[in-house]
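Here the structure is laid out as structure tokens; the discussion comes afterwards.
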Amino acid sequence: MNAHVTAVAKRIKAINWAGSFDKTPSRVALLREYLRRASWWAEAVKSAEWPFFDIAAGLNPAVRADPTQVQAIEAHLSVKLQGLLVVRTCVRALHFAALLDAGAKLPRVPPSVEQPFEPLLMMFERGGGFRLGGSGLIEVDTAGVPKGTAQSHHTDKPVVTLEPAALDALDAGA
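This is the structure in structure tokens:
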């Protein structure tokens, strides 16, 4: 059964990668929330790579998404002209979903970070990808988010709620 992988792949294929500057505030907040979650997972898997790393490989490198599904997502994102970093994060989300499908034992992390890739997927769904600038900033539309370190993003408090209404309010300036 690969219900989680299939669901993530379906979401990725449905994304409008053209971009949407009217949702930049929520997209920045979602990226920051991903960084917060990634900091917990970096600690859990003892990853030296930061911030876009393969959580699933750190937990169980033998459990991977089906290569056919991975290749289909890579080909889809190539046609959509997405950069290597976006492609890698999407593939890594598939591999994490494969862990869930396999029922793999996951380390104890706070409940608010159990789904590390959800903020990134939502960020993509709200207006496309991102890129890592040469200055160390992660560029989302016209905004730059400091990459920082895992430790600098490590907090219990969520950056933003993932509720669409709250994200819409953030974009509206509320």
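Counting from 1, position 136 in the sequence shown corresponds to residue 136 in the UniProt record's numbering; the numbering is continuous, with no gaps.
Idealized CB from N, CA, C, for every residue including glycine.
Check, Outcome
"Range covered by the alpha helix (DSSP H) that runs through valine 79", "67-79"
"Contacting residues, own chain, Cβ-Cβ under 6 angstroms from glycine 127 (five flanking each side not counted)", "Gly19, Ser20, Lys23, Arg27"
"Rounded distance between the beta-carbons of glycine 58 and valine 70, thought under 8 angstroms", "Not really, about 18 angstroms apart at Cβ, beyond 8 angstroms."
"Stretch-stretch touch, CB-based, cutoff 8 angstroms, three pairs: the region 151-164 with the region 24-43", "yes"
"Alpha-carbon spacing of phenylalanine 117 relative to glycine 148, whole angstroms", "18 angstroms"
"As assigned by DSSP and simplified to three states, the class of valine 145", "strand"
"Bounding residues of the beta strand (DSSP E) (the contiguous stretch that carries valine 140)", "137-140"
"Contact set for aspartate 171: own chain, Cβ-Cβ below 7 angstroms, skip 5 residues either direction", "Asp22, Lys23, Pro25, Ser26"
"Best match in Lys105, Val5, Ile15, Val113 for proximity to valine 86 [C-alpha to C-alpha]", "Ile15"
"Pairwise C-alpha distance: alanine 98 and valine 63", "7 angstroms"
"Contact set for serine 135: own chain, Cβ-Cβ below 8 angstroms, skip 5 residues either direction", "Gly144"
"Residues that arginine 131 bridges to, as DSSP identifies them", "Glu139"
"Beta-carbon spacing of glutamate 43, valine 159 below 8 angstroms", "no"
"Classification of leucine 81 by the beta-carbon crowding that lies within 10 angstroms, buried from 16 upward", "exposed"
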